[in-house]
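Input: a single structure, listed below in structure tokens.
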Amino acid sequence: MARRTEGHTVTDTSSSAPSPAAMARRPGNARPTPEQVTGAKSLVLALEHVGAEVVFGIPGGAILPAYDPLMDSTAVRHILVRHEQGAGHAAEGYASATGKVGVCMATSGPGATNLVTAIADAHMDSVPMVAITGQVASSSIGTDAFQEADIRGITMPITKHNYLVTDAAQIPRVIAEAFHIASTGRPGPVLVDIAKDALQATTTFAWPPQIDLPGYHPVTRPHAKQIREAVRLMAASRQPVLYVGGGVIRAGAHAELLRLAEITGIPVVTTLMARGAFPDGHPLHLGMPGMHGSVAAVTGLQRSDLLITLGARFDDRVTGQLSSFAPGARIIHADIDPAEISKNRAADVPIVGDAKAIISELITTIEAGVGDAADVNPHTYDAWAATTKGWAQEFPVGYTAPSDDALMPQQVIERIGAIAGPEAVYAAGVGQHQMWAAQFIGYERPNSWLNSGGAGTMGYSVPAAMGAKVGEPDRVVWAIDGDGCFQMTNQELATCVINDIPIKVAIINNSSLGMVRQWQSLFYNERYSNTDLHTSVGSRIPDFVKLAEAYGCVGLRCERPEDLDATIEQAMAINDRPVVIDFVVERDAMVWPMVPAGVSNDAIQTARDAAPVWDREESEAEEQDTDADHDGK
Amino acid sequence: MSTKHTLSVLVENKPGVLARISALFSRRGFNIDSLAVGPTENDAVSRMTVVVDVDLLPLEQVTKQLNKLVEVLKVVELDPLASVNSQVVLVKVRADASNRSGILETGQMFKAKIVDATSEAIVLQAVGNADKLNSMLEILEPHGIKELVQSGVVAIGRGPRSITDRSRH
Ligand SMILES: Cc1ncc(C[n+]2csc(CCOP(=O)(O)OP(=O)(O)O)c2C)c(N)n1
Ligand SMILES: [Mg+2]
């Protein structure tokens with residue numbers, strides 16, 4: 001029986017910005033006399049007071065009243081997108097790059113349903129987002145009125161919480177609550193659907209409103225006993241791994257993680273959602289685990305005797321076949337969401353709380369060095385750290401260049417990462433290029449890697465990059481996109497050009513739905529059913545360079561390795577408008593390593609039909625029967 | 634071992650809460666045996682009694698997922714030994730001169746009330762736990778059940794303590 005721990009204060013999980021609730025409570029924001037305003041104006045005032053800087057959206061009938069006062073707001077910038085999905089992903093990109101709440105807005109019916117994919121995406125990846133939609137007038141709700149859709153019902157399973165507001169007086173409270181819920185505890189999307197008549201009605205605006213959330217108490221401070229238990233397991237362990245997930249990034253706990261790793265000498269793996277939570281250049285970093293993880297990270301988890309799980313959720317793309325995942329490991333599972341703990345893999349030591357607080361407490365206990373803690377130091381894990389580091393050196397994530405002079409997608413991405421550097425932001429689409437972007441760019445800081453991890457939403461990249469650039473205008477922002485993904489949301493290039501949002505888009509053009517094609521190569525006898533996109537092989541439909549130019553972007557094309565650096569540098573030099581580069585790459589390149597879906601991670605392959613060849617002495621020393629698979633066949 | 638568990642769920646009394654909860658059950662693939670909702674001694678709070686058919690581990694998931702809903706104030710699993718539960722059944726039984734007295738006798742045995750009677754049928758109303766009601770229905774079955782309607786189970790813990798005490802703070 002789960003019991004909620006009571007009496008804890010709710011604190012913000014993002015490191016920088018004060019929480020919306022704190023903002024709401026801030027006395028300076030209080031208006032002594034309530035103003036007489038429309039519901040629409042009340043909405044805009046609430047957005048201003050809660051600290052929203054940017055709203056991505058498209059107007060329409062039901063939300064129209066809100067757009068009138070929005071026009072006069074100097075604090076809230078509205079960016080008109082070309083598709084509501086773009087608004088949603090832009091809000092996500094903004095949120096993921098800055099740690100603040102992203103905001104998108106749409107009208108009722110189709111406007112709202114167009115947001116659904118992005119809301120689902122934000123839900124899967126715990127992105128703090130508030131989506132505001134107009135709804136038909138309250139008297140028409142339920143009558144199948146023009147552009148009516150039950151967006152609250154539709155989004156119930158894909159939001160952290162949602163509201164339908166039919167009374168103008170509730171608008172400030174609901175907006176304050178929405179921002180509070182979106183940004184605290186485990187972050188996530190909150191939808192606020194407001195009936196048109198509530199936007200038109202006259203009401204009073206007073207700030208701060210009274211937040212009324214009797215059932216919402218995220219636990220942020222870990223239980224001291226659980227911390228002691230965790231340290232006890234760490235002391236008893238000889239082969240521990242810090243299994244780090246996206247929660248560490250959302251909690252802003254990267255500095256604490258670095259310290260914990262360094263005082264203990266425990267190797268680290270960072271999941272797809274956690275790339276950048278721990279510096280890639282750090283000697284303790286084994287890379288990314290999972291289906292396309294590094295040999296060192298995957299094997300490190302498999303052979304570990306203790307997983308110190310921080311803000312990760314044992315996703316099937318990490319565990320592979322669950323029953324054979326890390327068979328010898330005990331589990332410490334720290335997460336802000338109690339429902340994640342023991343959901344997929346039973347935890348020996350569950351710790352509910354904010355990752356930053358948990359890691360800090362672990363550090364304090366370990367540094368005190370009393371009792372068990374005295375054994376938690378690099379000396380204890382020496383041999384293991386050396387072994388895992390040996391794997392990382394022996395089996396680096398790499399690729400083989402073809403004999404002819406084809407442009408390899410991995411090389412393109414690697415060079416972009418090298419030239420743009422760790423201060424840039426990279427937003428990937430979904431597919432092979434996404435995995436290569438996770439593998440071949442060195443991430444040294446949190447919030448520099450944005451992607452659609454949980455949902456795998458094609459079309460994320462361009463609008464997310466746009467949102468990131470709006471939030472971080474001084475950073476170089478690259479969309480690393482596929483020729484397939486790009487065609488789902490590239491209309492936002494118009495938004496970028498018009499609103500002076502100079503992102504850089506690298507289309508990794510393999511003329512196909514490459515990731516699907518890879519599976520067809522491996523599992524469907526090279527029968528390429530419906531994966532040819534005709535974007536470079538045989539024809540260029542569309543011609544991405546012309547398309548870029550039609551939007552007012554700079555369009556470049558690169559087809560030869562010798563032009564690669566010069567093209568990237570040319571793009572880096574352009575800062576007055578978006579640049580789109582059509583990188584025409586080898587279409588048969590595959591993402592390796594790979595653990596095929598549903599099998600044990602022990603079956604990792606470094607290339608087609610190639611398993612890692614383990615050092616003989618080492619494989620003999622291992623007693624796991626899984627070594628049979630590792631004997632180099 | 635029974636895999637049925639009775640959960641008392643205190644929720645904010647707001648529109649849409651029932652939809653949210655039943656959607657959660659269906660999305661996570663949990664089977665609900667019965668669900669009853671109603672007001673409580675506190676206007677702002679409604680209470681649901683949910684009987685679910687799950688093993689212990691998934692039950693923990695159900696409870697945690699319910700607790701994550703913003704409008705859920707408290708989730709308590711009622712220990713079958715330390716709680717009482719009850720439901721209402723209305724059953725219309727075919728009845729004529731030949732079997733009427735048999736039906737009335739059965740009704741008496743289970744403390745059921747006759748709430749309607751005609752020359753062809755009798756409507757019995759019985760209150761109690763599922764076992765008792767099922768026994769009654771089994772005995773009535775041969776007479777011919779024309780119509781049957783049952784409420785969800787409602788349940789409450791025994792003793793002086795109340796689960797609503799600390800639900801709002
Ligand atoms: C909206 C959506 N539709 C379909 C898929 C299935 N899917 C996953 S990867 C992929 C191919 C993506 O192609 P492209 O953008 O060219 O990337 P590549 O794999 O070639 O690098 C597809 C169709 C998806 N993830 N999302
Ligand atoms: Mg492609």
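Protein chains in written order, with our numbering: chain A, 1 to 633; chain B, 634 to 802. Cβ atoms here follow ideal geometry from the backbone N, Cα and C, with glycine treated the same way.
Heavy atom of ligand 1 within 6 Å of residue i beta-carbon
i	result
A:Val44	no
A:His433	yes
B:Asp666	no
A:Gly456	yes
A:Gly88	no
A:Val537	no
A:Val412	no
A:Gly429	yes
Contact with chain B by residue i, beta-carbon distance below 7 Å
i	result
A:Met458	no
A:Met156	yes
A:Pro209	no
A:Ala426	For the sequence presented, residue 426 of chain A should be read as Tyr rather than Ala. No, no contact with chain B.
A:His223	no
A:Tyr528	no
A:Tyr216	yes
A:Pro338	yes
A:His83	no
A:His161	yes
Cβ-heavy atom distance, residue i to ligand 2, below 6 Å
i	result
A:Asn510	yes
A:Gly99	no
A:Asp483	yes
CB contact check: residue i to chain A, cutoff 7 Å
i	result
B:Gln698	yes
B:Leu689	no
B:Leu711	no
B:Arg791	no
B:Ala715	no
B:Asn646	no
B:Met634	Here B:Met634 scores only 47 on pLDDT, less than 50, and its place in the model should not be relied on; the value that follows carries that caveat. Output row for B:Met634: interface = no.
B:Asn767	no
B:Leu737	no
B:Lys637	no
B:Leu706	yes
B:Ala788	no
B:Lys701	yes
B:Arg653	yes
Heavy atom of ligand 4 within 6 Å of residue i beta-carbon
i	result
A:Gly514	Summarising the ligand content, the structure contains ligand 1 and ligand 2 and does not contain ligand 4.
According to DSSP, residues forming a beta bridge with residue i
i	result
A:Phe56	A:Ile79, A:Cys104
A:Met594	A:Gln605
B:Ser716	B:Gly790
B:Lys637	B:Asp686
B:Lys697	None; B:Lys697 has no bridge partner.
A:Thr652	Any property of residue 652 of chain A remains undetermined from this structure, which presents chain A solely from 1 to 633.
A:Ile507	A:Asp481, A:Asp582
B:Val678	B:Glu645
B:Leu804	Residue 804 of chain B lies beyond the stretch modelled for chain B, which goes from 634 to 802, so this question has no answer here.
A:Arg221	DSSP, once it has assigned bridges, lists no residue as partnering A:Arg221.
- Query: What residue ranges within the segment 721-782 of chain B form continuous alpha helix (DSSP H) runs of no fewer than 4 residues, ordered along the chain?
  - Reply: 733-742, 763-773
- Output the residue ranges of the beta strand (DSSP E) runs that lie fully inside the segment 414-440 of chain A and measure 3 residues or longer, sorted by chain position. 425-428
- Taking the runs of the alpha helix (DSSP H) that are 4 residues or longer, which of them lie wholly in the segment 247-317 of chain A? 254-264, 295-302
- Message: Quick check for students: name the residue ranges of the beta strand (DSSP E) that lie wholly in the segment 161-213 of chain A, counting only runs of 3 or more.
- Response: Those beta strand (DSSP E) runs which fall completely within the segment 161-213 of chain A and span 3+ residues are 161-165, 189-195, 202-205.
- Say whether the segment 336-348 of chain A touches the segment 291-302 of chain A, bearing in mind that this needs 3 or more beta-carbon pairs closer than 8 Å, one atom from each stretch. no
- Message: Under 8 Å: do the segment 142-150 of chain A and the segment 124-131 of chain A share three or more Cβ pairs, one atom per stretch?
- Response: no
- Message: Extract the residue ranges of the beta strand (DSSP E) inside the segment 61-145 of chain A, only unbroken runs of 3 or more that lie entirely within it.
- Response: Listed in chain order, they are 77-80, 102-106, 129-135.
- Are at least three pairs of beta-carbons, each pair with one atom in the segment 532-540 of chain A and one in the segment 591-601 of chain A, less than 8 Å apart? Taking a cut-off of 8 Å on C-beta distances, the segment 532-540 of chain A does not touch the segment 591-601 of chain A, as fewer than three cross pairs fall below it.
- Message: Please give the ranges of any beta strand (DSSP E) in the segment 539-588 of chain A, keeping only runs that are unbroken, at least 3 residues long and fully inside the region.
- Response: 554-558, 579-584
- Check whether the segment 130-143 of chain A touches the segment 92-109 of chain A, taking contact to mean three or more Cβ pairs, one atom from each stretch, closer than 8 Å. The segment 130-143 of chain A vs the segment 92-109 of chain A: in contact.
- Is the number of C-beta pairs between the segment 551-559 of chain A and the segment 368-382 of chain A that are closer than 8 Å three or more? no
- Query: Which full runs of the alpha helix (DSSP H) of 4+ residues lie inside the segment 360-402 of chain A, going along the chain?
  - Reply: Counting only runs of 4 or more, we get 378-394.
- Message: Any contact between the segment 264-272 of chain A and the segment 235-245 of chain A? By contact I mean 3 or more CB pairs, one from each, below 8 Å.
- Response: yes
- Using 8 Å as the Cβ pair cut-off and three pairs as the minimum, do the segment 668-686 of chain B and the segment 194-201 of chain A touch? no
- Taking one C-beta from the segment 460-474 of chain A and one from the segment 520-532 of chain A each time, how about it: are there three or more such pairs within less than 8 Å? no
- Task: Specify whether the segment 305-313 of chain A and the segment 406-416 of chain A touch according to this definition: at least 3 beta carbon pairs, one from each stretch, less than 8 Å apart.
- Result: Cβ pair count under 8 Å is below three, so no.
- Message: Check whether the segment 67-82 of chain A and the segment 46-56 of chain A touch, using three or more Cβ-Cβ pairs below 8 Å as the test.
- Response: yes
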